[in-house]
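Sequence order for the protein chains is A and B. Using full-length UniProt numbering, the letters of the first sequence correspond one by one to residues 1 to 314. Using full-length UniProt numbering, the letters of the second sequence correspond one by one to residues 1 to 317. All C-beta atoms, glycine included, are put in the ideal place defined by N, C-alpha and C. Presented below is the structure to which this report refers.
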Amino acid sequence: MTIFSQRDVDLAEPLTTSTGLPSHVERGPRGGRRSGGRRIGSHVFLVILAIYFVIPIWWLFVAATKNTAGLFSSPAFWFDGNFAFFENVMGLFTHQGGIYWRWLGNSFLYAFAGGIGATVLAVLAGYGFAKYSFRGRSAVFTVILGSVMVPLTALVIPTFMLLSQYGIINTPWAVILPSLLSPFGVYLMRVYAQDAVPDEILEASRIDGAGEIRTFFTVALPLLRPAIVTVLLLSVVGTWNNFFLPLAVLNDEMLLPVTVGLNRWTALSNAGAGGEQVWNLITSGSFISVLPLILSFLFLQRYWQGGLSLGSIK
Amino acid sequence: MTTQLTTAAPPAPAAARPTRRSGGSTLVRRRQRWGWFFVVPFLVVFALFLIFPLCYAFGMSLFTSTLATGTDFTGFANYAKAFSDPLFMEGLLRVLAFAAVMIPAQLLVALAAALVLDSLATWVSKLSRLLIFAPYAIPVVIGALMWSFLYSPRFGPSASIFGLVGLPTPDFLASDTVFGSLVNIVTWQWAGYYMVVIYAALRSIDPSIYEAARIDGANGWQTATRIKVPMISSSMVMVITFALIGTLQFFTEPVVLRNIAQGAIDAAYTPNMYAFSLAFSYSQFNYASAIAFSLGVLVFAGSYVFLFLTRKQSGLK
Chain A
1 MTIFSQRDVD
11 LAEPLTTSTG
21 LPSHVERGPR
31 GGRRSGGRRI
41 GSHVFLVILA
51 IYFVIPIWWL
61 FVAATKNTAG
71 LFSSPAFWFD
81 GNFAFFENVM
91 GLFTHQGGIY
101 WRWLGNSFLY
111 AFAGGIGATV
121 LAVLAGYGFA
131 KYSFRGRSAV
141 FTVILGSVMV
151 PLTALVIPTF
161 MLLSQYGIIN
171 TPWAVILPSL
181 LSPFGVYLMR
191 VYAQDAVPDE
201 ILEASRIDGA
211 GEIRTFFTVA
221 LPLLRPAIVT
231 VLLLSVVGTW
241 NNFFLPLAVL
251 NDEMLLPVTV
261 GLNRWTALSN
271 AGAGGEQVWN
281 LITSGSFISV
291 LPLILSFLFL
301 QRYWQGGLSL
311 GSIK
Chain B
1 MTTQLTTAAP
11 PAPAAARPTR
21 RSGGSTLVRR
31 RQRWGWFFVV
41 PFLVVFALFL
51 IFPLCYAFGM
61 SLFTSTLATG
71 TDFTGFANYA
81 KAFSDPLFME
91 GLLRVLAFAA
101 VMIPAQLLVA
111 LAAALVLDSL
121 ATWVSKLSRL
131 LIFAPYAIPV
141 VIGALMWSFL
151 YSPRFGPSAS
161 IFGLVGLPTP
171 DFLASDTVFG
181 SLVNIVTWQW
191 AGYYMVVIYA
201 ALRSIDPSIY
211 EAARIDGANG
221 WQTATRIKVP
231 MISSSMVMVI
241 TFALIGTLQF
251 FTEPVVLRNI
261 AQGAIDAAYT
271 PNMYAFSLAF
281 SYSQFNYASA
291 IAFSLGVLVF
301 AGSYVFLFLT
311 RKQSGLK
């Protein structure tokens, strides 16, 4: 029953911002006085869930340290006597001339070029929709909002055909340009800008003689920072994870992002092609490729937690 | 600093707006044109990579090209063919079956975890929250690769785990079990993301409501089912909509798993896979466009109908 009085502690802080978002997800400790039995039950439930969600990742970490023989012979969830991680990394440098690192570099290029571009477009458009009531605004915005429901993978095949007509198939542009499209980012940015950039501040800036562009850069942009980080994070992750698009528009091995490349290695290894059985490189390559995202999510906790809640408001 | 200040600021008073608008000077009208300036760059991309491809796909789908006769306008023949094509219809029914199983599975795990997390604030719960979310940070391909290793009878731990309790090792990749294996991968990958969204919504409920419930004599379970869940229904609707859009386009996981379970997952396992193989293995771009466009329309209609039916909960009404 004390659960309710613990809630009172939270009342000391502002619960939501003007946008209706939680001001921050992380709050001070407020547990500690619940009745024992239910607390233990809840904790057991959480621990079981956490194990289920984390055990494949643990497996990947362990598997990355084994050579191919070790993958088959040692226990799946524990290390082999032979620690082969650095051997595997060297293998990644030599197999097919170190193409793995090229793939990883491609993933970074596509994710950042696509993600930053999509964010720039979304910030401009979201601000425009939120702060100018130009003619046709609501009609255009309704179309954009509706397009959130258009499955992007249904666009892949027509996009492929269009891009091949313009001869930019099998180039980095074929991945980057379609990744600039982020209707959901525009929606988030509009919702956020509506409240985070008060009209009065814009008015004041105009009265001081600043033009629209200068007002945008000096007044609005700093206020939009939390939403910018969120949209950037979501679109970088989205491009990094994209599989269907590069699979369709890229043929040249040297241009593949790491996800498509590793899948190619797995397909070859499964096909049992003599020289292509590189299980140890698949596991260590997968492990190295997930590190950047796992680490950035760990360090950017504040942003993604706030960011995902940004996505949940209407 | 600045962000703190502004997010805490109250929303612009509604009363201020009419006065500004009633000014209606040419200056104000000219300024509104700047709206287009900000919006146009996105609209160019939107037109080039959404509107145009959709129109193009629709156009393509109205033609049929054969080696013998070249390209002919055939109207809706490709659509008639699609909806009587057993491969497409089976794939469609299969993704609907996935939606019926996968969405409730993800939602139940996410909701249960979020409700428990919302009632605890210990280091265990904070760490669990991070770990449950962790799979979201793993690219879908890599997640599916990891699980395909774990399912594999050659590498996987299942033989030793089931051997330990004296049970025969199940084959996770047979044609009747691969459905469940795929449901497991998707639940593992996405439940944590939905959990964070739901958790954030729970945290934004005004705690004084719980106080009122307590005075009315509600226990923890009643508070959860009668107050918390109804109050976050708009987030739930959003989560379900995203899950629905995602499931109907099911592609990456079955494609990756197909590497090791060719027999159980064929090239037309889902409509997206079918369209992909039609286009890239058989060069039937016209028919593939018809399939892709039909799928797009079905997903759009499906999510629109869902949002319409739940308009009360989602706050769109």
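Selection from 111(B), 164(B), 38(B), 49(B) that minimises the alpha carbon distance to residue 75(A): Locating residue 75(A) in the first sequence gives position 75, counting from the first residue. Minimum Cα-Cα distance from residue 75(A) among the listed residues 111(B), 164(B), 38(B), 49(B) corresponds to 164(B).
Return the CA-CA distance between residue 232(B) and residue 230(A), expressed in angstroms with no decimal places. Counting from one through the second sequence, the residue named residue 232(B) turns up at place 232. Counting from one through the first sequence, the residue named residue 230(A) turns up at place 230. Residue 232(B) and residue 230(A): Cα-Cα distance of roughly 22 Å.
Which runs of the alpha helix (DSSP H) at least 4 residues long sit entirely within the region 148–202 of chain A? Give them in chain order. List check, alpha helix (DSSP H) in window: 156–165, 172–179, 183–196.
Unbroken alpha helix (DSSP H) run spanning residue 83(B), endpoints: On the second sequence, position 83 is the one that residue 83(B) refers to. Per DSSP, residue 83(B) belongs to no alpha helix (DSSP H) and is neither H nor E.
Quick check: is the beta carbon of residue 320(B) nearer than 9 Å to any beta carbon in chain A? Because residue 320(B) is not part of the residues shown, which for chain B are 1 to 317, the question remains open.
Below 9 Å between beta carbons: does that hold for residue 243(A) and residue 252(B)? Numbered from its first residue, the first sequence carries residue 243(A) at position 243. Numbered from its first residue, the second sequence carries residue 252(B) at position 252. Contact flag set, yes.
contact_flag[the region 179–192 of chain A, the region 234–254 of chain A] where n(CB pairs < 8 Å) is 3 or more: The answer is yes - the region 234–254 of chain A touches the region 179–192 of chain A, with three or more Cβ pairs under 8 Å.
By Cβ distance, which residues of its chain are closer than 6 Å to residue 7(A), with the 5 residues on each side in sequence left out? As a position in the first sequence, residue 7(A) is number 7, starting the count at 1. With a pLDDT of 34 at residue 7(A), under the threshold of 50, the predicted position of this residue should be treated as unreliable, and no value is reported.
Below 8 Å, how does it come out for the region 104–117 of chain B and the region 255–266 of chain A: are there three or more Cβ pairs, yes or no? They do not touch, by the three-pair rule.
Comparing the CB of residue 108(A) with every heavy atom of the ligand ZN, is any distance shorter than 8 Å? With respect to the ligand ZN, the structure offers nothing, as it holds no ligand at all.
Less than 9 Å between CB atoms is the rule here; does residue 308(B) satisfy it with respect to chain A? The sequence position of residue 308(B) within the second sequence is 308, counting from 1. Answer no: the Cβ-Cβ gap between residue 308(B) and chain A never drops below 9 Å.
Below 9 Å between beta carbons: does that hold for residue 239(A) and residue 114(A)? As a position in the first sequence, residue 239(A) is number 239, starting the count at 1. As a position in the first sequence, residue 114(A) is number 114, starting the count at 1. Pairing residue 239(A) with residue 114(A) gives a Cβ-Cβ distance under 9 Å.
Could I get the ranges of all uninterrupted beta strand (DSSP E) runs contained in the region 94–139 of chain A, with 3 residues as the minimum, in chain order? Counting only runs of 3 or more residues that sit fully inside the region 94–139 of chain A, no beta strand (DSSP E) segment turns up.
Run of the beta strand (DSSP E) containing residue 294(B), from where it starts to where it stops: The count along the second sequence starts at 1 and reaches residue 294(B) at position 294. Residue 294(B) -> not in any beta strand (DSSP E); alpha helix (DSSP H) instead, spanning 285–309.
For the pair the region 283–300 of chain B and the region 147–162 of chain A, tell me if three or more CB-CB distances fall below 8 Å. Short answer: they touch.
Interface residues of the region 157–176 of chain A facing chain B [CB-CB below 8 Å]: Those residues of the region 157–176 of chain A that come within reach of chain B (Cβ to Cβ, closer than 8 Å) are 157, 158, 159, 160, 161, 162.
Taking a Cβ distance cut-off of 7 Å, strictly less, list which residues of the region 90–105 of chain A are near chain B, in chain order. The region 90–105 of chain A vs chain B, Cβ under 7 Å: nothing.
Considering Cα atoms alone, identify which of 283(A), 46(A), 207(A), 202(A) is closest to residue 130(A). Within the first sequence, numbered from 1, the residue matching residue 130(A) stands at position 130. Answer by Cα proximity: 202(A).
Using the C-alpha atoms, what's the distance from residue 169(B) back to residue 305(B)? Position 305 of the second sequence, counted from the first residue, corresponds to residue 305(B). Position 169 of the second sequence, counted from the first residue, corresponds to residue 169(B). Each residue's CA atom was taken as its position, placing residue 305(B) and residue 169(B) some 43 Å apart.
Where residue 81(A) falls: helix, strand or coil (DSSP): Locating residue 81(A) in the first sequence gives position 81, counting from the first residue. Residue 81(A): coil per DSSP, three-state reduction.
Amino acids of chain B, ordered along the chain, whose beta-carbon sits closer than 8 Å to that of residue 241(A): Start at 1 with the first residue of the first sequence, and residue 241(A) comes out as number 241. Neighbours of residue 241(A) on chain B, chain order: 139, 140, 141.
Taking CB distances under 9 Å as the criterion, tell me whether residue 230(A) reaches chain B. Indexing the first sequence from 1 puts residue 230(A) at position 230. Cβ-Cβ to chain B under 9 Å: no for residue 230(A).
Who are the near neighbours of residue 278(A) in its chain, counting only those whose CB is closer than 7 Å to its CB and skipping five residues on each side? Along the first sequence, one-based indexing puts residue 278(A) at 278. Excluding positions up to five away in sequence, the list reads 95, 265, 269.
Would you mind telling me which residues of chain A sit closer than 9 Å to residue 79(B), beta carbon to beta carbon, in chain order? Counting from 1 along the second sequence, the entry for residue 79(B) is found at position 79. Result: empty, since nearest Cβ-Cβ is about 14 Å, beyond 9 Å.
If residue 192(B) and residue 135(B) are in contact, beta carbons under 8 Å, what's the gap, nearest whole angstrom? The sequence position of residue 192(B) within the second sequence is 192, counting from 1. The sequence position of residue 135(B) within the second sequence is 135, counting from 1. That pair is a contact at about 6 Å.
Beta-carbon proximity check, residue 77(B) vs residue 291(B), cutoff 9 Å: On the second sequence, position 77 is the one that residue 77(B) refers to. On the second sequence, position 291 is the one that residue 291(B) refers to. For residue 77(B) and residue 291(B), no; Cβs fall outside 9 Å.
Would a check of beta-carbon distances place residue 70(B) closer than 9 Å to chain A? Looking up residue 70(B) in the second sequence gives position 70. No Cβ of chain A is located within less than 9 Å of the beta carbon of residue 70(B).
Would you list the one or two residues that DSSP bridges to residue 72(B)? By one-based count along the second sequence, residue 72(B) stands at place 72. 64(B).
Would you say the region 210–221 of chain A touches the region 284–293 of chain A, given that touching needs at least three Cβ pairs under 8 Å? Using a Cβ-Cβ distance cut-off of 8 Å, the region 210–221 of chain A and the region 284–293 of chain A are not in contact, since fewer than three pairs of beta carbons, one from each stretch, lie closer than that value.
For residue 82(A) and residue 152(B), the rounded distance between their alpha carbons: Within the second sequence, residue 152(B) is the residue found at index 152, counting from 1. Within the first sequence, residue 82(A) is the residue found at index 82, counting from 1. Roughly 22 Å separates the two Cα atoms.
Shorter than 9 Å from the beta carbon of residue 279(B) to some beta carbon of chain A? Within the second sequence, residue 279(B) is the residue found at index 279, counting from 1. Interface flag for residue 279(B) against chain A is set, since a Cβ pair is found closer than 9 Å.
Between the region 123–143 of chain A and the region 190–206 of chain A, can you find at least three pairs of beta-carbon atoms closer than 8 Å? Touching, yes, given that three or more Cβ pairs across the two stretches are closer than 8 Å.
Any beta carbon from chain B within less than 9 Å of residue 47(A)'s own beta carbon? Residue mapping note: residue 47(A) aligns to position 47 of the first sequence, counting from 1. So yes, residue 47(A) belongs to the interface.
In its own chain, which residues sit with a C-beta less than 6 Å from the C-beta of residue 279(B), not counting the 5 before and 5 after it? Stepping through the second sequence from its first residue, residue 279(B) is reached at position 279. The answer, listed in chain order, is 285, 288.
By the 8 Å beta-carbon criterion, what residues does the region 266–278 of chain B contribute toward chain A? The region 266–278 of chain B vs chain A, Cβ under 8 Å: 272, 275, 276.
Report the neighbours of residue 186(A) on chain B: residues whose CB is nearer than 8 Å to its CB, in chain order. Mapped onto the first sequence, residue 186(A) falls at position 186. Neighbours of residue 186(A) on chain B, chain order: 42.
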